[in-house]
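*Asks:* Structure below; questions to follow.
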Amino acid sequence: MRNHSGEKPFRCGHCGKQFTRNSSLTHHMKVHSDGKLFTCTHCGKQFARHISLNAHMRVHASHRPFHCLFCPKQFTRNSSLNHHLRSHSGDKPYECPECNKQFTQNSSLKDHLRLHTGERPFNCNHCSKQFSRNSSLVHHLKVHSGDKPYTCQHCNKKFAKNIGLNAHMRIHTAARPFSCPHCSKQFTQNSNLNVHMRIHNLANQNSIATNPNANAASIVTAAAVALASSSGEKHYK
Numbered sequence: 006m007r008n009h010s011g012e013k014p015f016r017c018g019h020c021g022k023q024f025t026r027n028s029s030l031t032h033h034m035k036v037h038s039d040g041k042l043f044t045c046t047h048c049g050k051q052f053a054r055h056i057s058l059n060a061h062m063r064v065h066a067s068h069r070p071f072h073c074l075f076c077p078k079q080f081t082r083n084s085s086l087n088h089h090l091r092s093h094s095g096d097k098p099y100e101c102p103e104c105n106k107q108f109t110q111n112s113s114l115k116d117h118l119r120l121h122t123g124e125r126p127f128n129c130n131h132c133s134k135q136f137s138r139n140s141s142l143v144h145h146l147k148v149h150s151g152d153k154p155y156t157c158q159h160c161n162k163k164f165a166k167n168i169g170l171n172a173h174m175r176i177h178t179a180a181r182p183f184s185c186p187h188c189s190k191q192f193t194q195n196s197n198l199n200v201h202m203r204i205h206n207l208a209n210q211n212s213i214a215t216n217p218n219a220n221a222a223s224i225v226t227a228a229a230v231a232l233a234s235s236s237g238e239k240h241y242k
């Protein structure tokens, strides 16, 4: 009858959450006691509730009963489907209090907040590197394991990260998406553009002040020579 009356006489002494049944309170208390009684036979992961174990087991069974109506994606949990649907609706209910950037998921907001706090809770067991996101740590671990799952379809070169493969592919496609705002030069990687930009910065700081009548081409050339000399690089005309 309590389900109909709304009465919840069983209260958690730790967080104040209330329940209609004592058995529900008992299950809930495992969250606070860290009692994880249900173990996955495939990977050893433990859960406080049997229903959580059942949801987890779909990961191993590849059973994805929740289908997106807008794209082919499928999910093991309805909550995951609901989060995904925001990518179609554009709904971003989680806002950063520091910079007002918005996110579709609370977990994405938590990851983003570490950029402001500088927190890096994910540590590599092989070296001293720390990361703000677990996904970044997972990518980093491939450096130690030698795992390179991303292969170039043109030359079969392998990469540990997809971003590395994407940068490499521009060699084959001749794509140069990074353009200098000061001249017409284009680059395959943003890092190369940043190096090039130092030529313009050096030209603005030194050459114009010492020779205001010089044309732009000679100023940039002089800056390139000066930059190459300071870094030990060779400048080719």
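When you read off a place in the sequence shown, starting at 1, and then add 5, the result is the number in the numbering used here. All residues carry an ideal CB built from backbone N, CA and C; glycine is no exception. Please read all numbers here as calculations on a predicted model, not as lab measurements.
(1) How big is the Cα-Cα spacing for residue 25 and residue 57?
(2) Counting along the chain, where does the alpha helix (DSSP H) carrying residue 61 start and finish?
(3) Do you know whose CA, among 15, 147, 175 and 180, lies nearest residue 164's CA?
(4) In terms of DSSP beta bridges, what is residue 243 paired with?
(5) Does the separation of the CB atoms of residue 64 and residue 46 fall below 8 Å?
(6) From the DSSP output, in three-state form, read off residue 184 for me.
(7) What does DSSP give as the partner residue(s) for residue 44 in the beta ladder?
(8) Identify, in the order they occur along the chain, each residue of the same chain with its Cβ nearer than 6 Å to the Cβ of residue 44, setting aside the five sequence neighbours on each side.
(9) Give a yes or no on contact between the region 69-83 and the region 98-114, applying the rule of three or more CB pairs nearer than 8 Å.
(10) If you run the structure through DSSP and keep just helix, strand and coil, what is residue 197?
(11) Taking the continuous alpha helix (DSSP H) assigned at residue 190, which residues delimit it?
(12) Could you please give me the residues that DSSP links to residue 75 through a beta bridge?
(13) In angstroms, rounded to a whole number, what distance separates the CA positions of residue 79 and residue 17?
(14) Measure the alpha-carbon distance for residue 69 versus residue 62 and round it to whole angstroms.
(15) Identify whether residue 128 lies in helix, strand or coil by the three-state DSSP scheme.
(16) Assuming residue 125 contacts residue 135 under a Cβ cut-off of 8 Å, what Cβ separation, rounded to an integer in Å, is found between them?
(17) Work out the CA separation of residue 32 and residue 115 for me, nearest whole Å.
(18) If we define contact as Cβ-Cβ less than 8 Å, is residue 154 a contact residue for chain C?
(19) Checking 8 Å against the spacing of the C-beta atoms, do residue 88 and residue 101 come in under that value?
*Replies:* According to the data block:
(1) Taking the first residue of the sequence shown as 1, we reach residue 25 at position 20. Taking the first residue of the sequence shown as 1, we reach residue 57 at position 52. Using only the alpha carbons, I get a separation of about 20 Å.
(2) Residue mapping note: residue 61 aligns to position 56 of the sequence shown, counting from 1. Per DSSP, the unbroken alpha helix (DSSP H) holding residue 61 starts and ends at 55-66.
(3) The residue you call residue 164 lines up with position 159 of the sequence shown. Ranked by Cα distance from residue 164, the options 15, 147, 175 and 180 are led by 147.
(4) Residue 243 cannot be examined here, being either before or after the span of the chain that is shown, 6 to 242.
(5) For the purposes of this step, residue 64 is identified with residue 59 of the sequence shown, where counting begins at 1. For the purposes of this step, residue 46 is identified with residue 41 of the sequence shown, where counting begins at 1. No, these two residues do not count as a Cβ contact at 8 Å.
(6) Sequence index remark: in the sequence shown, residue 184 carries index 179 (1-based). Three-state result, residue 184: strand.
(7) Within the sequence shown, residue 44 is the residue found at index 39, counting from 1. DSSP links residue 44 through a beta bridge to 51.
(8) Translated into the one-based positions of the sequence shown, residue 44 becomes position 39. Taking C-beta separations shorter than 6 Å and ignoring five residues to either side along the sequence, the partners of residue 44 in its chain run 51, following chain order.
(9) Contact between the region 69-83 and the region 98-114 is absent, because fewer than three Cβ pairs lie under 8 Å.
(10) Position 192 of the sequence shown, counted from the start, is the residue given in the question as residue 197. Helix.
(11) By 1-based counting over the sequence shown, the position of residue 190 is 185. First-last for residue 190: undefined, no H or E at that position.
(12) Counting from 1 along the sequence shown, the entry for residue 75 is found at position 70. None, per the DSSP bridge assignment.
(13) Position 74 of the sequence shown holds residue 79. Position 12 of the sequence shown holds residue 17. Cα to Cα, the separation comes out at about 36 Å.
(14) As a first step, residue 69 is located in the sequence shown; it is residue number 64 there, counting from the start. As a first step, residue 62 is located in the sequence shown; it is residue number 57 there, counting from the start. Here the alpha carbons of residue 62 and residue 69 stand approximately 11 Å from one another.
(15) Here the question's residue 128 lines up with position 123 in the sequence shown. Reduced to three states, the DSSP call for residue 128 is strand.
(16) In the sequence shown, counting from the first residue as 1, residue 125 sits at position 120. In the sequence shown, counting from the first residue as 1, residue 135 sits at position 130. Indeed they touch by this definition, with Cβ atoms about 4 Å apart.
(17) On the sequence shown, position 110 is the one that residue 115 refers to. On the sequence shown, position 27 is the one that residue 32 refers to. Rounded to whole angstroms, residue 115 to residue 32 spans 27 Å at the Cα level.
(18) Although the question refers to chain C, the structure presented lacks it and comprises just one protein chain.
(19) Taking the sequence shown and counting its residues from 1, one reaches residue 88 at position 83. Taking the sequence shown and counting its residues from 1, one reaches residue 101 at position 96. Contact check for residue 88 against residue 101 fails: the beta carbons are separated by 8 Å or more.
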